[in-house]
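Numbering (our numbering), first residue to last: 4 to 252.
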């Protein structure tokens with residue numbers, strides 16, 4: 004049986020939590036489950052609205068979709084969320100320029116379907132920790148070109164400049180990933196408020212430390228805050244079931 008837990012925290016430095024998390028272990032439309040982390044951006048509280056609008060629109064669109072292919076379901080939902088954020092921003096000066104990252108996962112039996120825009124991440128953890136998603140960020144582009152290494156990237160002054168976000172442009176390009184899960188795998192979705200503050204290996208050790216999911220998730224948030232808590236921190240931990248799960252035809 005699949006188990007999961009989500010937590011979001013304002014951190015130590017921010018005045019408002021612009022992250023938004025959502026999980027459903029039960030079917031939403033034709034998906035057997037869905038997990039989402041969004042990290043909003045924008046002046047005042049606009050980022051808070053962007054992340055909330057994105058997640059709510061995506062869930063609504065997934066629920067209404069008659070499609071069977073999860074990539075198509077998620078892709079269309081992301082497109083709708085992007086259009087809705089732009090519509091809301093265009094009609095309210097206080098929301099102008101708002102945007103949000105998004106990372107989404109659904110476990111379908113032994114398969115994990117993932118979609119992302121921006122720099123919120125999904126990791127696969129077992130004996131090692133693997134970042135599945137690829138950040139849509141200026142620093143990631145610099146790494147890919149060989150300009151800097153990953154160690155230097157952690158503290159780069161332009162680390163927070165993202166190159167793709169929902170709401171930024173009229174059309175959005177999401178990345179999609181499909182993985183086959185193995186026994187003992189743990190899936191983690193998170194905002195960069197965690198990964199900027201906590202090293203990958205410390206994340207892996209915490210996730211594999213035993214204890215219940217709530218304890219492990221809250222331990223990760225505590226570590227991020229102990230290390231400075233410079234941003235909002237959101238974490239979803241999933242322990243997948245290896246049983247075959249399929250949505251109804």
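Note that CB positions come from ideal geometry on N, CA and C, so glycine has one too.
Judged by DSSP secondary structure, residue 167 falls outside any alpha helix (DSSP H); it is assigned neither H nor E. Residue pairing by DSSP places residue 103 opposite 43, 169 in a beta bridge. The three-state secondary structure of residue 18, taken from DSSP, is coil. Note that the C-beta distance between residue 90 and residue 50 is not below 7 Å.
Annotated three-state conformation of residue 178 is strand, per DSSP.
Residue 127 and residue 166 have their alpha carbons spaced roughly 24 Å apart.
Three or more beta-carbon pairs drawn from the segment 221-234 and the segment 197-207 are found closer than 8 Å, and the two stretches are therefore classed as touching.
With 16 or more other Cβ atoms inside 10 Å of its own Cβ, residue 108 counts as buried.
Note that the segment 118-125 does not touch the segment 207-219; fewer than 3 beta-carbon pairs, one per stretch, sit closer than 8 Å. In this structure, DSSP gives residue 11 an extended state, which the three-state scheme calls strand. Under the DSSP assignment, residue 125 falls in the beta strand (DSSP E) whose first and last residues are 124-128. A residue is called buried once 16 or more other Cβ atoms fall within 10 Å of its Cβ, and residue 96, having fewer, is exposed.
Per DSSP, the continuous beta strand (DSSP E) segment holding residue 118 begins and ends at 114-120. Residue 220 sits buried, since 16 or more C-beta atoms from the chains shown fall within 10 Å of its C-beta. A straight-line Cα-Cα distance of about 27 Å links residue 172 and residue 150. As DSSP reads the structure, residue 245 sits in no beta bridge.
Residue environment: residue 174 is assigned as exposed (fewer than 16 neighbouring CB atoms within 10 Å of its CB, all protein chains considered). Given a length threshold of 3 residues, each whole run of the beta strand (DSSP E) inside the segment 25-75 is given here in chain order: 37-44. When DSSP states are grouped into helix, strand and coil, residue 225 belongs to the helix group. Taking a contact as a CB-CB distance under 8 Å, the pair residue 234 and residue 17 counts as one, their CB atoms being some 6 Å apart. Distance between residue 100 and residue 168, taken at the CA atoms: about 11 Å. Each of 36, 56, 176, 223 was checked against the Cα of residue 193, and the nearest Cα belongs to 223.
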